[in-house]
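**Student:**
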Amino acid sequence: MSTSSPPTRPLQLTLNGQPVGPIDVPEGLPMIAFLHEYQNLTGARLGCGIGECRACVVLVDDASGSKEMRTCITGAHYFSGKTVRTIEGIAAKPTDNAADKPRKVIPLAPIQQKYLEHFSFQCGYCTPGFVIGATALLERLAKTPIPVADVEKTITESLGIHLCRCTGYVRYFAAVKDVILHTPGYTTKG
Numbered sequence: 261m262s263t264s265s266p267p268t269r270p271l272q273l274t275l276n277g278q279p280v281g282p283i284d285v286p287e288g289l290p291m292i293a294f295l296h297e298y299q300n301l302t303g304a305r306l307g308c309g310i311g312e313c314r315a316c317v318v319l320v321d322d323a324s325g326s327k328e329m330r331t332c333i334t335g336a337h338y339f340s341g342k343t344v345r346t347i348e349g350i351a352a353k354p355t356d357n358a359a360d361k362p363r364k365v366i367p368l369a370p371i372q373q374k375y376l377e378h379f380s381f382q383c384g385y386c387t388p389g390f391v392i393g394a395t396a397l398l399e400r401l402a403k404t405p406i407p408v409a410d411v412e413k414t415i416t417e418s419l420g421i422h423l424c425r426c427t428g429y430v431r432y433f434a435a436v437k438d439v440i441l442h443t444p445g446y447t448t449k450g
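Residues 261 to 450, numbered by my numbering, are exactly what the sequence shown covers, in order.
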């Protein structure tokens, strides 16, 4: 009985600001498996496995902005040549990691800090997806502010597609609203 390996193709992308590849990756390998098994980036979570819960999302950046992509149902090769950010790439990176110096604490992104301040999560399994979703929303608002009156509706439209089995929606949404209302340039008075 012979066993053959699945066919592979080279994959090359920019991941959290760093070039990756080319790496031979099996055709049909889901992106979440590539992140976990090839890059040791385990922040994107495999929840439902059918693209509904969005615990697995990453950001794909291009000239038009950032878009959420579900990695459990999207093959790794779809991301070839693209710029991708995972939850590990959202927080600012420390500037000095010299071996003879103590490790610096990585400062959180504003949305991550607000999620902590609002005690937004319970088990935390869905949190990476909510951080990615909120990041995409905030980046969109930085380019195209919305009227203050539309903030709650916009948050619900953007994050309502994410599932939280602990029902932390109210706190997630409140944290995002806090960031939006207290960051100049995200809203207009109209």
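Backbone N, C-alpha and C define an ideal beta-carbon position, used for all residues, glycine too.
By a C-beta neighbour count over all protein chains shown, 10 Å radius and 16 as the cutoff for buried, is residue 396 buried or exposed?
**Tutor:** As a first step, residue 396 is located in the sequence shown; it is residue number 136 there, counting from the start. That one is buried.
**Student:** Just how far apart, CA to CA, sit residue 348 and residue 337?
**Tutor:** Taking the first residue of the sequence shown as position 1, residue 348 is located at position 88. Taking the first residue of the sequence shown as position 1, residue 337 is located at position 77. Answer to the nearest angstrom: the Cα atoms are 20 angstroms apart.
**Student:** Just verifying my parser: in three-state terms, what is the DSSP assignment at residue 269?
**Tutor:** Counting from one through the sequence shown, the residue named residue 269 turns up at place 9. Three-state DSSP puts residue 269 in a strand.
**Student:** Could you check what DSSP says for residue 382 in three-state terms: helix, strand or coil?
**Tutor:** The residue you call residue 382 lines up with position 122 of the sequence shown. Three-state result, residue 382: coil.
**Student:** As a quick exercise: from 417, 408, 431, pick the residue whose alpha carbon is nearest that of residue 443.
**Tutor:** For the purposes of this step, residue 443 is taken as residue 183 along the sequence shown, with counting starting at 1. The residue with the shortest Cα to Cα distance from residue 443 is 408.
**Student:** Please identify the residue among 276, 439, 271 whose C-alpha is closest to the C-alpha of residue 377.
**Tutor:** Here residue 377 refers to the residue found at position 117 when the sequence shown is read from its first residue. When each option's Cα is compared against that of residue 377, the closest is 439.
**Student:** Spell out the partners DSSP gives residue 330 in its beta bridges.
**Tutor:** For the purposes of this step, residue 330 is taken as residue 70 along the sequence shown, with counting starting at 1. BP columns for residue 330 point to 317.
**Student:** Cβ atoms of residue 402 and residue 419: under 8 angstroms apart, would you say?
**Tutor:** Here residue 419 refers to the residue found at position 159 of the sequence shown. Here residue 402 refers to the residue found at position 142 of the sequence shown. Cβ atoms of residue 419 and residue 402: not closer than 8 angstroms.
**Student:** For residue 428, does the count of other Cβ atoms within 10 angstroms reach 16, so buried, or fall short, so exposed?
**Tutor:** As a first step, residue 428 is located in the sequence shown; it is residue number 168 there, counting from the start. By the 10 Å Cβ count, residue 428 comes out buried.
**Student:** Less than 8 angstroms between the beta carbons of residue 405 and residue 341, yes or no?
**Tutor:** By 1-based counting over the sequence shown, the position of residue 405 is 145. By 1-based counting over the sequence shown, the position of residue 341 is 81. Taking 8 angstroms as the Cβ cut-off, residue 405 and residue 341 do not qualify as a contacting pair.
**Student:** Taking 8 angstroms as the threshold, find out whether the segment 325-335 comes into contact with the segment 280-294 through three or more Cβ pairs.
**Tutor:** Yes: the two stretches touch, three or more of their Cβ pairs being nearer than 8 angstroms.
**Student:** Can you list, in chain order, the residues of its chain with a C-beta nearer than 6 angstroms to that of residue 381? Leave out the 5 residues immediately preceding and following it.
**Tutor:** For the purposes of this step, residue 381 is taken as the residue at position 121 of the sequence shown. Closer than 6 angstroms at the Cβ level, and outside the excluded window around residue 381, lie 387, 428.
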